[in-house]
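Contents: one structure, followed by commentary.
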Amino acid sequence: MATPTDTRTSRLRGWMLEGLSDMGKGRPSQATPAPEHKGQPWYRVMCLTGVDYFSTLGYQPGIAALAAGLLSPVATIVLVIVTLAGALPVYRRVAEESPHGEGSIAMLSRLLSFWKGKLFVLTLLGFAATDFLITITLSAADASTHLVENPNLQGALHDKQVLITLILIALLGAVFLKGFLEAIGVAVVLVSVYLALNAVVVVTGLWHVLTEGHVVTDWTAALTTEHGNVFVMIGVALIVFPKLALGLSGFETGVAVMPHVKGAPDDTEDRPAGRIRDTKKLLTTAAVIMSAFLIMTSFITTVLIPHKEFEPGGNASGRALAYLAHEYLGNAFGTVYDVSTILILWFAGASAMAGLLNLMPRYLPKYGMAPHWARAVRPMVIVFTLVAFLVTWLFDADVDAQGGAYATGVLVLICSAAIAVTIAARKAGQRGWTIGFGVISAVFLYTTVLNVIERPDGVKIGACFTAGILLVSLLSRLGRAFELRVTHVELDEMAERFVRDISQRTPRFIANEPDERDAAEYREKIEQIRADNDIPTAEDFVFVEVTVTDPSEFEAGLTVRGEIMHGRYRVLTMESSSVPNALAAFLLHSRDLTGTRPHVFFEWTEGNPFTNFVRFFLFGQGEVAPVTREILREAEPARDRRPRVHVG
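Sequential numbering of the sequence shown, starting at 611, is according to my numbering.
Structure (structure tokens):
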């Protein structure tokens, strides 16, 4: 009889693992099935990416002013040109090539196979994790900075920034534990209010620029005095442009949350044309809105705010638009603007969390490089929240200290996307697009290199994330080495006939490593097995041969084909990433199909056991017999139902 504690534990487990697919176990999932996700209109999903993208207005004008000084509007125009003519076309093409949210990582992973491809994907995932997780921690830290530096709260919240940041991250995690659709609803409200308030500030700022005509003439005079002519201004703007790279954030998350775009009723899983079309609308609309705001805000903040106020400790440091809101619209409106800015900066982590939840479970569990529960949303939310706690503690919730890592993560992903679409265009024979995307790739590579040279800490932090993912992935793969990885088994007509026929007697299978596959090979193998195991000559056998395809793959289906070799030897052939896993899955399927426990016969493999285990781990071969037996032991706890393994 179940106790109340057992019932509560079962309910908690079902809630935590809601939507988990129990692949590779051969049994239906114990978890509660997730409700069908029908998606959301593209403009609502845009708000989810917009909390990341649009929230940079909270600090981007100040960054531009510090980096470019009086040239801030010119440098921002360069940023907008790169956004609309570079990043936007790249990610529109990424949406076409990878409509299920994997982004450029999936596109590039197709170019490399085996372990090279897996390690490459894990490296890119490291930088993606850097981008998304630092988005969560940096935005929460910036929100807490606005809160702590508010004149009305400065005394009460002094030295409480780390604690406030941790609370904001915990609240963000709680929203995602409650449910993803609630996160979209919150994002729609925050983005709508924030953009409306920014529009009021921009219109007010432009009105003051027009009514105080001297500010423009003062700015242009100072600009000419400092830089001389237009060509020098453009040259300097190009040099400082990489420092403004945070203004490019939002594109990768825009693609990552693509599966949540509703699309059209006639969309198919293979070709969701409506989702692709609507995602392009999402990306374009967000880029145009942000570009307009970037140009106008950089202009009004540069001409209306004294440069000394942008410096650390100044009243406009990290809050240029908030400074204008208080200065020209009064403290009441300014306080409302502050609250809106704090909320959207806090919730900017929502788009990053959504990107992580879409990206990581698509790769790590599939590669065997994360626990099986990593496919479920809620456990992953808890993991990412705890990692964000650690990052916040390590960086002491310092926004500037995390800025380099954030910019590096953003730029590495944009570079990978630009290179991926260049290769895709070249393969498609589109010469014009190939040249165009190639030029865009060069621009982003230049930007990334300059950013790395100036702020090398970003690469170091990204490398730490990558090393962490590689280490956890390796340990997970080792821990799941003896897991039954076959998702399903299919027998063709001939194979099923062989299995049913031999199961009318004692089903005996010989595991054979195919060499020449001539008559002598099969004859000698049978003689050896009979001699080693003292089996009468009257007993018959069926050969089972496994060809290893890509040993770096972790789980997949198994198709078994039957054929008669040399007019007398029955042979079952199959392809898999691992010989022991394929054999174990086939034996269990044969038992379930016929109701008879099969026997499988091996010969011992020569060589060092440790070396053979490494061969199994990396190449799917090695010491097949004991590994097959161990996989069967883990997959079938009941000894009287487990297929029998013989080694001679």
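Note that beta-carbon positions come from the ideal geometry of N, C-alpha and C, so glycine has one too.
In this text the structure is predicted, and so the values were computed from the model without any measurement.
What do you get for residue i, buried or exposed, if any count of 16 or more other CB atoms within 10 angstroms of its CB means buried?
i, result
"R1251", "exposed"
"T827", "exposed"
"G1263", "Here the chain has residues from 611 to 1258 only, and residue 1263 is not among them."
"E712", "buried"
"N577", "Limits of the chain in this structure are 611 at one end and 1258 at the other, which puts residue 577 out of reach."
"K853", "buried"
"S749", "buried"
"T835", "exposed"
"W1003", "exposed"
"N1191", "buried"
"S802", "exposed"
"D769", "exposed"
"N968", "buried"
"F841", "exposed"
"Q1050", "At residue 1050 the sequence reads Ile, which differs from the Gln that was named. The residue in question, I1050, is buried, as its Cβ has 16 or more Cβ neighbours within 10 Å."
"T951", "buried"
"W817", "exposed"
"R1133", "exposed"
"W1214", "exposed"
"Q640", "Note that Q640 scores 40 on pLDDT, short of 50, meaning its location in the model is unreliable and no value can be drawn from it."
"T683", "Reading off the sequence, residue 683 comes out as Pro, not Thr. Burial call: buried."
"Q650", "buried"
"E1100", "exposed"
"A1130", "exposed"
"H1199", "buried"
Secondary structure at residue i, three-state DSSP: helix, strand or coil?
i, result
"T951", "helix"
"A874", "coil"
"Q670", "helix"
"F903", "helix"
"V1096", "strand"
"F1164", "coil"
"F957", "helix"
"S639", "Caution is warranted here: a pLDDT of 38 is assigned to S639, below 50, making its placement in the model unreliable, and the coordinate value is therefore given only provisionally. The answer is coil: DSSP assigns S639 none of H, G, I, E or B."
"I1120", "strand"
"V846", "helix"
"T1032", "helix"
"T1260", "There is no way to answer for residue 1260, as the model of the chain reaches only from 611 to 1258."
"T1169", "strand"
"R1090", "coil"
Anyone know if the C-beta pair for residue i and residue j falls short of 8 Å?
i, j, result
"L757", "V946", "no"
"T693", "A897", "yes"
"A738", "L1023", "yes"
"T686", "I1033", "no"
"V661", "F957", "yes"
"C657", "V850", "no"
"F1196", "V1154", "yes"
"F1212", "G965", "no"
"G1019", "L914", "no"
"T912", "L931", "no"
"I774", "I746", "no"
"V1255", "V1210", "yes"
Thinking C-alpha only, which one of the options is nearest residue i?
i, options, result
"L729", "K1070, G1078 and A1017", "G1078"
"V1257", "A1235, H818 and A675", "A1235"
"L776", "V997, T740 and L1193", "V997"
"R1095", "L955, I1241 and T894", "I1241"
"R972", "L667, G668, S708 and L676", "S708"
"I1045", "A1028, N1061, V1059 and L1060", "A1028"
"A1052", "V700, A1017, M868 and V1154", "V700"
"P869", "L856, L858, L892 and V850", "L892"
"G1068", "L1021, M990, A964 and F1108", "L1021"
"A784", "I1112, M990 and S950", "M990"
"T1169", "E1106, L820, D752 and A678", "E1106"
"P916", "L680, G1019, S754 and L1080", "L680"
"Y1179", "R1243, I1112, L939 and S1186", "I1112"
"V772", "S901, G873, T889 and D1006", "D1006"
"D752", "S908, Q670, K890 and T733", "Q670"
"L667", "D948, R1041 and M843", "D948"
"W829", "A874, S908, A855 and V811", "S908"
DSSP beta-bridge partners for residue i?
i, result
"Y1179", "M1175"
"H583", "Beyond the ends of the chain as shown, which are 611 and 1258, falls residue 583; an answer cannot be given."
"E1185", "T1157"
"Q650", "V871"
"V1152", "F1119"
"L1101", "V1170"
Would you say residue i touches the ligand MG, meaning its beta carbon is less than 7 Å from a heavy atom?
i, result
"Y947", "Within the structure as shown, the ligand MG is missing, as the structure has no ligands at all."
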